[in-house]
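Chains A, B and C, in that order, are what the protein sequence lines are. Heads up: the first sequence begins at 1 in the working numbering, then just goes up one per residue. Heads up: the second sequence begins at 1001 in the working numbering, then just goes up one per residue. Heads up: the third sequence begins at 2001 in the working numbering, then just goes up one per residue. Every residue, glycine too, gets a C-beta built ideally from N, C-alpha and C.
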Amino acid sequence: MMRDRLIFAGQLLFTLLVAAFLIVPAALSMLAGVTANYFRGISSGFTLQWIVQVWDLYADTIGRSFLIAGATLVVTLFIGIPAAYALHVRGGRMARAIEEIITLPLAIPGLAIALALLLTYNGFSDFRRSWLFILAGHVVFTLPFMVRSVMAIFSAIDVKTLDESASSLGASPLRRFLDVIVPNARPGILAGSLMVVTLSLGEFNLTWMLHTPLTKTLPVGLADSYASMRLEVASAYTLVFFVMIIPLLIAMQMFASWGEAGGARK
Amino acid sequence: MSGKDGHQNGHHGVAVRIAGCGKTFGDGTRALEPVSLDIARGETVVLLGPSGCGKTTLLRMVAGLETPDADGRIFFNDADVTAVPIEQRNVGMVFQSYALFPNMNVAENIAYGLKFRGASAPERKARVAELVTLTGIEGLEHRRIDQLSGGQRQRVALARAVAVRPSVLLLDEPLTALDAALRERLRGELNRLLRTLGVTAIYVTHDQAEAMALGDRIVVMRKGAIAQVGAPRDIYFAPASRFVAEFVGAANILEGVSVAGALTLRGGTLAIGKTGVEGPAVAMVRPESIVIVAADGASLTGEVASISFVGDRQRLSISGAAERPIMVDVPNTLMVKAGDQVGLSVDPSAIRLLPKGEA
Amino acid sequence: MRLKTFVWLCLLPLTLVVLAFFVLPMVRLMLVGGSGPQGLAAYATILTEPRYRATLINTVVLAAATTIVSLVVATIAGLFLQRTRFPGRSVLVAMLTFPLAFPGVVVGFMIILLAGRQGLIGDLTLRVFGDKLVFAYTIQGLFLGYLYFSIPRVILTIMAAVEKLDPSLEEAARALGAGPWAVHRDVILPALGPAFVASGAIAFATAMGAFGTAFTLATNIDVLPMLIYTEFTLSANIAIAAALSVGLGLVAWAVLALARSFGGGSVAAAG
Chain A
1 MMRDRLIFAG QLLFTLLVAA FLIVPAALSM LAGVTANYFR GISSGFTLQW IVQVWDLYAD
61 TIGRSFLIAG ATLVVTLFIG IPAAYALHVR GGRMARAIEE IITLPLAIPG LAIALALLLT
121 YNGFSDFRRS WLFILAGHVV FTLPFMVRSV MAIFSAIDVK TLDESASSLG ASPLRRFLDV
181 IVPNARPGIL AGSLMVVTLS LGEFNLTWML HTPLTKTLPV GLADSYASMR LEVASAYTLV
241 FFVMIIPLLI AMQMFASWGE AGGARK
Chain B
1001 MSGKDGHQNG HHGVAVRIAG CGKTFGDGTR ALEPVSLDIA RGETVVLLGP SGCGKTTLLR
1061 MVAGLETPDA DGRIFFNDAD VTAVPIEQRN VGMVFQSYAL FPNMNVAENI AYGLKFRGAS
1121 APERKARVAE LVTLTGIEGL EHRRIDQLSG GQRQRVALAR AVAVRPSVLL LDEPLTALDA
1181 ALRERLRGEL NRLLRTLGVT AIYVTHDQAE AMALGDRIVV MRKGAIAQVG APRDIYFAPA
1241 SRFVAEFVGA ANILEGVSVA GALTLRGGTL AIGKTGVEGP AVAMVRPESI VIVAADGASL
1301 TGEVASISFV GDRQRLSISG AAERPIMVDV PNTLMVKAGD QVGLSVDPSA IRLLPKGEA
Chain C
2001 MRLKTFVWLC LLPLTLVVLA FFVLPMVRLM LVGGSGPQGL AAYATILTEP RYRATLINTV
2061 VLAAATTIVS LVVATIAGLF LQRTRFPGRS VLVAMLTFPL AFPGVVVGFM IILLAGRQGL
2121 IGDLTLRVFG DKLVFAYTIQ GLFLGYLYFS IPRVILTIMA AVEKLDPSLE EAARALGAGP
2181 WAVHRDVILP ALGPAFVASG AIAFATAMGA FGTAFTLATN IDVLPMLIYT EFTLSANIAI
2241 AAALSVGLGL VAWAVLALAR SFGGGSVAAA G
């Protein structure tokens, strides 16, 4: 019994240490973002001056990140949902091969993909210099998540049977797709969307290589600030990032547990 | 606590005494009311009951996987083992899902428990060979678990549990996962094995045929309590309650008024031969104990409502004799058809009176 | 419109986008890799050229060390968290998995806050030992950074696998006399084997390709992604950079294919 208690305490301590390793710097950075002077700590008082400074310097990056994330979402929705439907319906070796190919960007380091894009499109200078170039990279990277999420919901709701019953009532493929298939796939679409937006907002490896001084995103700005700004400003900037990301993470967590409960109810 | 002591009449293992053991789980579920039971050394006791009756909980308490509430005690011979963890109780446990280790082959599975008893490699090898012969799985020693059929896995699980010479063998529905034909065949083998080993055994099942075939004594359980304890014959012919009567076999429950040694029913009277019982009474009689006779002159009559030809017999449903249809088993050659008026005759010794007013 | 036509139409936009922005560029990358002065031999330089080989070894060792330490840490913490219940447990789990969404740059910043010149560890060691310990910009700091983004991933996978363990196997081992250590050695760890391989492969591939963390922390540290970056942007050795990228991509892909054969599902390689 005593030995069990010791083992429990030991494991708890270990886990707490690991958690501390992960959380303490994050907490520190959030604190530093609103502290007047990091060196003197909280005693120097709270201030929003750093956040204001971040806004002055980097407001465009924040806006651009949202823009790109939103655009990535729209594009992946439009090309991903129909494709997921097609892959699910067709099945077979070709579908599996296509799935493999679109999942490759997850295996290949972002750096390599970025290099490949640069080599191919350097000649199209208008495209290469606009935020659309970054959008292209983000779409390639987030597409598999959307497609897989939607395909998963298709399996779960047995979309083939729904499709067949709608067709027996006379609906054309397009109408079936719009009236029956997409509305019933909402949970998968929502889960995929959350994933795409979160990944796009935080993407760095690809974006760093693809960006120009005029097309910076938030993570790119972060790298900038870590190298050149004082700690408080860098922390405030990181704090802004956290504030953007945390609601999305919580939404995904809640969604995952609803999804499980809902699935079980079926 | 080895099982090698005292070969009296080929009985091995320990005597198990369960004293006042109940179990309430953390979430408030009352799985078992305090029960007491004495199991003799070498005896095979079957815990029989529907799911949720507490039989598996009781088995796990004897194993040491659950601890009884408050004042419950478990004794192996005269030693109090209530606080002894399962690793040290020297029990042999066969799980419903067999729980064979997929990362070891058959021989390694069987030998596993021997490692903790200080057996040397040659000793382990010899013991494994013994058990492989005993359970009839020669040739499978080096197979991986996922290459075995259900019946083979069951035998390996048994061999593994027996290899350590346990003080008591605990079997949790070992045949439930198998299909019907295999189950019957293995039931016979299991019976032979238990007789050969002669070790104390506690067997959990919800199948009354299994219980009857394997048990020296049967403990019928219901809703966390013991409904009746007895030898198979006693349980079958002299059930203590309606629940037990219906659980161990088909039973006709007849409610009527007992007057001067006869039970008055809707379709007549039934001689029950038990004078001194007057007033409303509940009698039980098994379908195979009722004989179909000519309706004229019979004290109890009814009409054949339906006939089921089962193969080795026919089961008739007789309406009008009692409030509810009476089931009667007759030879498969009896010529009878629906609508016939028949008489029912029963030997009074085959009729059992049950306590009234409980389900 | 017939169903078949509709299905093809549904697939068209995706096919165009993926061809234009992934397949074509990757092919071009492979071609460029073999187009430099050394031709296809450029692909072999990753092994023959001493500087590149040293970088490769550095990267592999770092990734391997990250994988092993992450697995050990995640197994201890994961078994504990999945099997015990205590107040505050779900908060602890959330804290351990929250860093999953951090891009590599942010992880680098976290390490700077911990072990940089104004870092927490430096502060503490100054007060206790009188000597400020700064190691964020060394290989130890990078290792810590790699651990930072690996541990949350691996813990999640391990915890999911622990949940699926069959308790009757452990009970059977205990019934046969196995103490807690034997049960772990003979039943639990072997059962977690596939999860170890799957999450280990993902951790390894992610660490191999991690750029953001190294970028933020590294001034002098030699890992493959940084080498590719400097070859491309500073030295304009495009062919070499391309060849190294293809090599890196192949290694990462091969390791992840291994993960999938053990049912690893997929988590993005981002770091």
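Bridge partners for B/T1264 per DSSP, in chain order? B/V1257, B/T1269
Compute the Euclidean distance between the alpha carbons of A/L16 and A/A9, then round it to the nearest angstrom. 10 Å
Chain C contact for B/I1086 (CB, 8 Å cutoff): yes
Decide if B/R1352 is buried, meaning its Cβ has at least 16 other Cβ atoms within 10 Å, or exposed. buried
Quick one: give me the first and last residue of the beta strand (DSSP E) that B/G1230 is part of. 1225-1230
Verify the CB distance criterion: does C/V2073 have a CB-CB separation below 8 Å to chain A? yes
Rank B/V1285, B/I1318, B/S1306 by C-alpha distance to the C-alpha of B/A1295 and give the top, closest one. B/I1318
First and last residue of the alpha helix (DSSP H) that includes A/P144? 131-156
Kindly list, in the order they appear in chain A, the residues whose Cβ is closer than 8 Å to that of C/Q2118. Y38, F39, L231
Using Cβ-Cβ distances below 7 Å, what residues of the region 1012-1025 of chain B are close to chain C? none
Would you kindly report the start and end of the unbroken beta strand (DSSP E) that includes B/R955? In this structure chain B extends from 1001 to 1359, so residue 955 of chain B is not present and cannot be described.
DSSP on A/H88, reduced to helix/strand/coil? helix
Give a yes or no on whether the minimum CB-CB distance between B/L1065 and chain C is below 8 Å. yes
Going by DSSP, what residue range makes up the beta strand (DSSP E) through B/M1284? 1279-1285
Are the region 1187-1195 of chain B and the region 1101-1111 of chain B touching, with three or more C-beta to C-beta distances below 8 Å? no
Does any CB atom of chain C fall closer than 8 Å to the CB of A/D11? Strictly speaking, residue 11 of chain A in this sequence is Gln, with Asp absent from that position. It does; some Cβ of chain C falls within 8 Å.
Give the residues of chain C in contact with B/Y1203, contact being defined as C-beta atoms less than 7 Å apart. None at all; the shortest Cβ gap to chain C is about 16 Å.
Just mark A/W50 as buried or exposed, buried being the case when its beta carbon has 16 or more other beta carbons within 10 Å. buried
What in chain A is Cβ-close to C/L2279, meaning under 9 Å? In the structure displayed, chain C extends from 2001 to 2271; residue 2279 of chain C sits before or after that span and is not available.
Since I believe B/I1272 is in contact with B/L1263 (beta carbons under 8 Å), could you give me their beta-carbon distance rounded to a whole number of angstroms? 5 Å
Kindly examine the ligand ADP and report whether one of its heavy atoms sits closer than 7 Å to the Cβ of B/V1132. In terms of ligand content, the structure shown is empty, and the ligand ADP therefore cannot be addressed.
Exposed or buried, what is B/H1012 when buried is set at 16 or more other beta-carbons lying within 10 Å of its beta-carbon? buried
Looking at chain C, which residues of the region 179-207 of chain A have a Cβ within less than 8 Å of any of its Cβ atoms? T198, L199, G202, E203, F204, N205
Residues of its chain near B/T1401, where Cβ-Cβ distance is below 7 Å and the 5 sequence neighbours each way are ignored: The requested residue 1401 of chain B does not occur in the structure, where chain B is confined to residues 1001 to 1359.
With a threshold of 8 Å between beta carbons, is A/L31 in contact with chain C? no
Below 8 Å CB to CB, which residues in the same chain sit around A/T61 once its five sequence neighbours on both sides are set aside? K216, T217, L218, V220, G221
By a C-beta neighbour count over all protein chains shown, 10 Å radius and 16 as the cutoff for buried, is B/G1136 buried or exposed? exposed
Is B/C1053 helix, strand or coil by DSSP? coil
Would you report the Cα separation of A/I108 and C/A2239, rounded to the nearest angstrom? 18 Å
Could you list the residues in the region 2157-2174 of chain C with a C-beta less than 8 Å from some C-beta on chain B, going in chain order? D2166, S2168, L2169, E2171, A2172, A2173, R2174
Hey, quick one: how far does the beta strand (DSSP E) through C/R2051 stretch, first residue to last? Per DSSP, C/R2051 belongs to no beta strand (DSSP E); it is in the alpha helix (DSSP H), 2050-2083.
Roughly how many angstroms lie between the CA atoms of C/F2232 and A/A234, to the nearest whole one? 28 Å
Cβ-based neighbour list, C/G2247, same chain, cut-off 6 Å, excluding 5 preceding and 5 following: I2046
Per DSSP, B/T1135 forms a beta bridge with which residues? B/T1135 pairs with nothing; no bridge assigned.
How about A/R90: is its C-beta nearer than 8 Å to some C-beta of chain C? yes
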